[in-house]
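K.L.:
Here you go, one structure.
4 protein chains.
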Amino acid sequence: MEAQAEFQRIQELLPAWLETSRLTTPEGAVATYIPELAKIPADALGIHLMNGQGEFSSAGDCGFPFTMQSVSKVFTLILALMDRGEGEVFAKVGKEPTGDDFDSMLKLELVEPGIPFNPLINAGAITVSSLISGRSPVEQSARILTFFRELANNESLDYDENVFESELDSGHLNRSLGYFLKHNGVLEGSVEEVLHVYFRHCSIRATCADLARMGLVLAYDGTDPITGRNLIPRRFVQIAKTFMTTCGMYNASGEFAISVGLPAKSGVSGGILALVPGRYGIGIIGPALNKKGNSVAGVHLLQRMSREFDWSLF
Amino acid sequence: MEAQAEFQRIQELLPAWLETSRLTTPEGAVATYIPELAKIPADALGIHLMNGQGEFSSAGDCGFPFTMQSVSKVFTLILALMDRGEGEVFAKVGKEPTGDDFDSMLKLELVEPGIPFNPLINAGAITVSSLISGRSPVEQSARILTFFRELANNESLDYDENVFESELDSGHLNRSLGYFLKHNGVLEGSVEEVLHVYFRHCSIRATCADLARMGLVLAYDGTDPITGRNLIPRRFVQIAKTFMTTCGMYNASGEFAISVGLPAKSGVSGGILALVPGRYGIGIIGPALNKKGNSVAGVHLLQRMSREFDWSLF
Amino acid sequence: MEAQAEFQRIQELLPAWLETSRLTTPEGAVATYIPELAKIPADALGIHLMNGQGEFSSAGDCGFPFTMQSVSKVFTLILALMDRGEGEVFAKVGKEPTGDDFDSMLKLELVEPGIPFNPLINAGAITVSSLISGRSPVEQSARILTFFRELANNESLDYDENVFESELDSGHLNRSLGYFLKHNGVLEGSVEEVLHVYFRHCSIRATCADLARMGLVLAYDGTDPITGRNLIPRRFVQIAKTFMTTCGMYNASGEFAISVGLPAKSGVSGGILALVPGRYGIGIIGPALNKKGNSVAGVHLLQRMSREFDWSLF
Amino acid sequence: MEAQAEFQRIQELLPAWLETSRLTTPEGAVATYIPELAKIPADALGIHLMNGQGEFSSAGDCGFPFTMQSVSKVFTLILALMDRGEGEVFAKVGKEPTGDDFDSMLKLELVEPGIPFNPLINAGAITVSSLISGRSPVEQSARILTFFRELANNESLDYDENVFESELDSGHLNRSLGYFLKHNGVLEGSVEEVLHVYFRHCSIRATCADLARMGLVLAYDGTDPITGRNLIPRRFVQIAKTFMTTCGMYNASGEFAISVGLPAKSGVSGGILALVPGRYGIGIIGPALNKKGNSVAGVHLLQRMSREFDWSLF
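Residue numbers (the UniProt record's numbering), protein chains in the order written: chain A, 1 to 314; chain B, 1 to 314; chain C, 1 to 314; chain D, 1 to 314.
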């Protein structure tokens, strides 16, 4: 469909589609260990979609902010690639989907050479955090936040300190992964410092509009189409989009590729960042998660839209 | 690049690129358990690329035929989808990449509900073989061969009986997988009969030109662009291309998606079927395999071409 | 306690203890896939204990025969050792407990060199069956039956043909293990023939009295203390008793060693063969199994007796 | 053999046997990550054997002290049982051998309910350390040291501070296990504090004579036969001896039970504590380890003695 006609149709139909997708929320459950989510209704669902002219269409509960969680991993990967280059990053993390739970150690233990399978599982994202340039965890975190603000074109993007503290307190499985990586020689330096950086970027708070804008930069190969600023080299956007397609939706990524076919990344808060290459950045929040950890209603809504407009890459 | 200019450039440069890629063959090793391969030099490399006008460019050792092996799994999946529909097929096989070796039982044993992770690993492809319509293994096999002949537009496509007999004799690991699937209730009926169908389609002999033509049908969404015949519903082509992208190159599929970014499927003979959507079908033979089971030189050549012409889907 | 006093005390107290242990049967469940068990009440419990003078004490439901199932594995191991010697047997099966389910392939796949962990898990026992001397499966089976009859001093010991046929029909997981072992080079010759031998000895029907007599031979280091006939070299009895202690009760063997501390082997029919070195052979039937596959009431009764008489080896 | 005759024969033959066993040391390798071991020749081998009258026989290099490492786990288990009772201890650790490497996480991740398989693998021993009574890690460690001194009847038993510091610095895999256990709810309180207790008792330095005396207490069911002091309730000795038999020699425990048949526990320094019930406590040092982590020459020597004197429990 021609771009402008498509966008108008989205504006017309999005509210109704969103309400249909909202009906699926009872199939999911809200993650209980993140304090911020206690305040959000379980049937919340919001979407913000932005095109290259800066026009947007939004519907549902997209007013409230939420922590980015695993959605942030896409952009720390990009920053690590910009800081270190492909060679150095992929000496430390692999490129393969795993089929296992995102926080599993199984593959690290069974498979040589003991590096994380890909940068989007927890072990891989922790490793990526360690590769961000900076003389201290504070400086590394500051660089990440600055980069995220540029991408979202939003200087007020900031941490949710409660979520950060909570994850620092309760993140024993990530700590266990961290020491396992340290033992394997994948992590250097202090595990606690790396985890600080990792938990810090997971707890950056954003809105659907922020995710949509960040996704828009990826949809336009690294250039913010509204400001015209080039923020990411195109090759690193390509790498990021590939990982989003093969590993972005935890171990339901294969199914998502079949049913939706777009680069996307989900987080445990219920956020999803998706993109339609050359057209849109999309931010979704829907905290009720399916068993694989993805927003039930968010996936439902993306599937509807992708089929309607034939958006699949495949 | 505009299509005709691109094709001309391919015709000019392909022979030189092929010879450069051939230099990588010493990094690989030829599979020793397939008798036909003993006759092929280890440094063999051939490619055939065909566009929608029926023009083709070929280079290197693409004269000799080879058995399709795992390349055939793409098309038996499509036939099973045409015979049974998505619902019935995906009740028996999943949609996720595994990260494990293609012949592993690990995931079947560890993960509920005990169905194969996807239709391109051996366990999944054996299950798919059982779903092909037909009153007997002979009839199932005949329907598969007929379908493959249509796709390749080649009535002389046939089995390599030596390879078939050899696999029937030595395929104990696939037999083990088969009985495991039978135990799990995934396979019904006789395991030996299912394996007959499976080994039969793996031993269909084709040339690079045949693979290119079959890939061309996928590149044109199910319609042979030369004859104009619609052979596959578009949705099933989409499913096939998605699996080729996420799981087509064994447990190097993630890396291939990063470095090449095209739907492709490799086989243990050294064959690769790849496609550029809307443009080309590609058939490659290069029997020296890397550790993941993919043609060393074939992957090298595809990477060169994909980068040169910016073919990645991502 | 002095032997004769102990035996008298057993005779007095066994009926009451048995009834107490019978109360635990509701905690278990009868295996449903063995047709013979359908005729036995779920709360059945029987025991037969015999000393070196041929005196015996029995209580409960020890009138009916049942198939030996995994109990037979102890004696096929012994026969294989007598036929081939330690070196040849332990080139094909290991000596380690696994911690996994008895029918798991996990360890075969993950651990080099791909031989079964021990001779009492299914993969190991199938391998052991292949090592029994004989020019054909029929001859191998005949030698096993003859050996078992000698040990039980019972010429009428024979197969339950219904159970044999049923296992031959439904034993797909064992078939899968068999082909996996064939693939690994552990099994030679025909997998179906080896399985024939294996299912055949699993379906030998015995009573508690038979098991007690067979256990008595082990308790007396290989000599039937009643006939005075030496039936097994002492070293092979020692090996068998060691495996019974470390691996005899599936993956509850460690717990059984702590709570009972006697060499024992259980089977899925609910049979347990146990022994008190230098004193008794014990046969038990109690078809209600706990989650680990052992007779609930049988284990309860053995624990009571072992504590009362301080029978633990440790 | 009658006890006194046996002891005399040991005294005569031990030096020659030891030299024969020493010839096997080239098959092994000394653990490189423990600084103290750098000072010990790779072909060192020493043994000290003590009987209930306090007579002893020693041979070879038993002059130098070494850290107890995993040998200490037997006695912290006993102390935890004395502090908490069976119920509380076995709510936190299981009773089964694993077949896996001692430091594996595989079983923790795959098997419900996520408690360590047994108290002698690292995950189990760390958990046991957390169950030692005491208001602080320092007090827990002090109680352990006091208990060990009583058992060895040696008030000068103490820590090797260098080894302790080194393990605290480099023990990332144990730290990873600790946080995994914390995540699973098996460990309460501070992981670092538990690891402090754990590393502390692993670094207690002892001689072969100390191990022999500690083993002697187990050989006499908890009473030091020389002082007549009862130090451990008999039931807890029985539990300890059972675990030593089923899990004491890492994942070569099954083989050791077949070839030696005595309760024993090895450590990465090359120490082995073994015992002959009712007769001897035995301490061995031989730092060259086989692939399973046990002293090559120490196992060889124990096998020789066990066969010569028919010591196997089985």
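Even for Gly, the Cβ is constructed at its ideal location relative to N, Cα and C.
Please list the residues of the region 173-194 of chain B that have a C-beta atom closer than 7 Å to any C-beta atom in chain C, keeping them in chain order.
P.N.:
Look at the region 173-194 of chain B: the residues with a C-beta under 7 Å from a C-beta of chain C are Leu173, Arg175, Ser176, Tyr179, Phe180, Lys182 and His183.
K.L.:
Could you give the C-beta distance for residue 315(C) and Ile40(C), rounded to a whole number, given that I count them as a contact under 8 Å?
P.N.:
Shown here, chain C extends from 1 to 314; a query on residue 315(C) therefore has no answer.
K.L.:
Please report how far the alpha carbon of Phe199(C) lies from the alpha carbon of Ser141(C), in whole angstroms.
P.N.:
Within the third sequence, the letter at position 199 stands for residue 199(C). Within the third sequence, the letter at position 141 stands for residue 141(C). Taking the straight line joining both Cα atoms gives about 10 Å.
K.L.:
If you draw a straight line from the alpha carbon of Leu108(D) to that of Phe90(D), how long is it in whole angstroms?
P.N.:
Here residue 108(D) refers to the residue found at position 108 when the fourth sequence is read from its first residue. Here residue 90(D) refers to the residue found at position 90 when the fourth sequence is read from its first residue. If you take the alpha carbons of Leu108(D) and Phe90(D), they lie about 15 Å apart.
K.L.:
Would Thr245(C) and Thr245(D) qualify as a contact pair, given that the criterion is a beta-carbon distance under 9 Å?
P.N.:
Here the question's residue 245(C) lines up with position 245 in the third sequence. Here the question's residue 245(D) lines up with position 245 in the fourth sequence. A contact, by the Cβ cut-off of 9 Å.
K.L.:
State the Cα-Cα distance for the pair Leu151(D) and Ala44(C), rounded to the nearest angstrom.
P.N.:
As a first step, residue 151(D) is located in the fourth sequence; it is residue number 151 there, counting from the start. As a first step, residue 44(C) is located in the third sequence; it is residue number 44 there, counting from the start. Those two C-alpha atoms are separated by around 48 Å.
K.L.:
With DSSP as the reference, please indicate the residues paired to Thr67(D) in a beta bridge.
P.N.:
By 1-based counting over the fourth sequence, the position of residue 67(D) is 67. Answer is Arg205(D), bridged to Thr67(D).
K.L.:
Cβ of Thr98(D) within 9 Å of Cβ of Thr98(C)?
P.N.:
Working through the fourth sequence from its first residue, we reach residue 98(D) at position 98. Working through the third sequence from its first residue, we reach residue 98(C) at position 98. Cβ atoms of Thr98(D) and Thr98(C): closer than 9 Å.
K.L.:
Quick check on Glu55(D) - is its C-beta less than 9 Å from some C-beta in chain C?
P.N.:
As a working mapping, residue 55(D) is identified with position 55 in the fourth sequence. No, Glu55(D) does not count as interfacial toward chain C.
K.L.:
Would you say the beta carbon of Ser141(D) comes nearer than 8 Å to a heavy atom of the ligand ZN?
P.N.:
Among the components of this structure there are no ligands whatsoever, and the ligand ZN is therefore not found.
K.L.:
Could you give the first and the last residue of the continuous alpha helix (DSSP H) run that contains Gly85(B)?
P.N.:
Taking the second sequence and counting its residues from 1, the one referred to as residue 85(B) is at position 85. Where Gly85(B) is concerned, the enclosing alpha helix (DSSP H) stretches over Ser72 to Phe90.
K.L.:
Count the CB pairs spanning the region 208-215 of chain D and the region 190-197 of chain A that are closer than 8 Å, and state whether there are at least three.
P.N.:
By the Cβ criterion, the region 208-215 of chain D is not in contact with the region 190-197 of chain A, since fewer than three pairs of Cβ atoms, one from each stretch, lie closer than 8 Å.
K.L.:
Once the 5 residues before and after Tyr179(D) are set aside, which same chain residues still bring their CB inside 6 Å of it?
P.N.:
Residue 179(D) sits at position 179 when you count from the first residue of the fourth sequence. Cβ within range, chain order: Val191.
K.L.:
Identify, in the order they occur along the chain, each residue of the same chain with its Cβ nearer than 7 Å to the Cβ of Asp83(D), setting aside the five sequence neighbours on each side.
P.N.:
Taking the first residue of the fourth sequence as position 1, residue 83(D) is located at position 83. Cβ-Cβ distances below 7 Å link Asp83(D) to Leu131, Ile132 and Ser133 in the same chain, with the five nearest sequence neighbours on each side left out; the list follows chain order.
K.L.:
For the region 260-298 of chain C, which segments carrying the beta strand (DSSP E) assignment without a break, of at least 3 residues, lie completely within its bounds, in sequence order?
P.N.:
264-266, 271-276 and 280-285
K.L.:
Based on the DSSP secondary-structure assignment, which residues constitute the bridge partners of Met50(A)?
P.N.:
By one-based count along the first sequence, residue 50(A) stands at place 50. According to DSSP, which records beta bridges pairwise, Met50(A) is partnered with Phe56(A) and Gly281(A).
K.L.:
So, helix, strand or coil for Asn230(A), using DSSP?
P.N.:
Along the first sequence, read from residue 1 onward, the residue named residue 230(A) stands at position 230. Looking at Asn230(A) - three-state DSSP - the assignment turns out to be strand.
K.L.:
On a Cα-Cα basis, can you pick out the residue from Gly124(B), Gly293(B), Val296(B) and Lys92(B) that is closest to Met105(B)?
P.N.:
By one-based count along the second sequence, residue 105(B) stands at place 105. That would be Gly124(B), whose Cα lies nearest to the Cα of Met105(B).
K.L.:
Going along the chain, which residues of the region 246-267 of chain A sit with their C-beta nearer than 8 Å to a C-beta in chain B?
P.N.:
Thr246, Cys247, Asn251, Ala252, Ser253, Gly254, Glu255, Ala257, Ile258, Gly261 and Pro263
K.L.:
Check whether the Cβ atoms of Gly271(D) and Gly283(D) sit closer than 9 Å, and answer yes or no.
P.N.:
Your numbering for residue 271(D) matches position 271 in the fourth sequence. Your numbering for residue 283(D) matches position 283 in the fourth sequence. A contact, by the Cβ cut-off of 9 Å.
K.L.:
Say whether the region 287-301 of chain A touches the region 251-268 of chain A, bearing in mind that this needs 3 or more beta-carbon pairs closer than 8 Å, one atom from each stretch.
P.N.:
yes
K.L.:
Measuring alpha carbon to alpha carbon, tell me which residue in Gly228(D), Asp100(D), Gln4(D) and Pro119(D) is nearest Lys79(D).
P.N.:
Against the fourth sequence, residue 79(D) aligns to sequence position 79. Before going on, a small fix: residue 79(D) reads as Leu here, not Lys. Looking at the Cα atoms, Pro119(D) is the closest of the given residues.
K.L.:
Opposite Thr223(D) in the DSSP bridges: which residues?
P.N.:
Walking along the fourth sequence from the start, residue 223(D) turns up at place 223. BP columns for Thr223(D) point to Asn230(D).
K.L.:
Less than 8 Å between the CB atoms is what I'm expecting for Ala288(B) and Ala29(B), so what's the real figure, rounded?
P.N.:
Here residue 288(B) refers to the residue found at position 288 when the second sequence is read from its first residue. Here residue 29(B) refers to the residue found at position 29 when the second sequence is read from its first residue. Confirmed, Cβ separation roughly 6 Å.
K.L.:
Output the distance between the C-alpha atoms of Thr20(C) and Gly286(C), rounded to the nearest integer angstrom.
P.N.:
In the third sequence, counting from the first residue as 1, residue 20(C) sits at position 20. In the third sequence, counting from the first residue as 1, residue 286(C) sits at position 286. Roughly 13 Å separates the two Cα atoms.
K.L.:
Can you list, in chain order, the residues of its chain with a C-beta nearer than 6 Å to that of Phe256(A)? Leave out the 5 residues immediately preceding and following it.
P.N.:
One-based indexing of the first sequence puts residue 256(A) at position 256. Taken in chain order, the residues that qualify are Met249.
K.L.:
What residues of chain C sit near Gln238(D), judged by a beta carbon separation below 9 Å?
P.N.:
Looking up residue 238(D) in the fourth sequence gives position 238. Near Gln238(D) (Cβ distances below 9 Å), the residues of chain C are Ile258, Gly261, Ser312 and Phe314.
K.L.:
Checking the sheet assignment: what are the DSSP bridge partners for Asp158(A)?
P.N.:
By one-based count along the first sequence, residue 158(A) stands at place 158. In the DSSP output, where bridge partners are listed per residue, Asp158(A) has Arg205(A).
K.L.:
Which same chain residues, not among the five before or five after Thr127(B), have their C-beta less than 7 Å away from its C-beta?
P.N.:
Residue mapping note: residue 127(B) aligns to position 127 of the second sequence, counting from 1. Correct list, in chain order: Lys92, Val93, Pro116, Leu181, Val186 and Leu187.
K.L.:
I'd like to know if Thr242(C) contacts chain D, where contact means its C-beta is closer than 9 Å to some C-beta of that chain.
P.N.:
Position 242 of the third sequence holds residue 242(C). Yes, because at least one Cβ of chain D sits closer than 9 Å to the Cβ of Thr242(C).
K.L.:
What is the rounded straight-line gap between the Cα of Phe66(A) and the Cα of Arg205(A)?
P.N.:
The sequence position of residue 66(A) within the first sequence is 66, counting from 1. The sequence position of residue 205(A) within the first sequence is 205, counting from 1. Their backbone Cα atoms lie some 5 Å apart in a straight line.
K.L.:
Assign Val30(C) to one of three DSSP states: helix, strand, or coil.
P.N.:
Here the question's residue 30(C) lines up with position 30 in the third sequence. DSSP, read as helix, strand or coil, puts Val30(C) in strand.
K.L.:
Which residues bound the alpha helix (DSSP H) around Gln124(B)?
P.N.:
To locate residue 124(B), count along the second sequence from 1; it is residue 124. Per the sequence shown, the amino acid found at residue 124(B) is Gly instead of Gln. First-last of the alpha helix (DSSP H) with Gly124(B): Asn122 to Ser130.
K.L.:
Along the alpha helix (DSSP H) that carries Ser21(D), what are the first and last residues, could you check?
P.N.:
Here residue 21(D) is taken as the residue at index 21 of the fourth sequence, counted from 1. That run of the alpha helix (DSSP H) goes Ala3 to Arg22.
K.L.:
Could you check whether Gly52(C) and Ala219(C) sit closer than 9 Å to each other, using their CB atoms as the reference points?
P.N.:
By 1-based counting over the third sequence, the position of residue 219(C) is 219. By 1-based counting over the third sequence, the position of residue 52(C) is 52. The answer is yes: Cβ separation under 9 Å.
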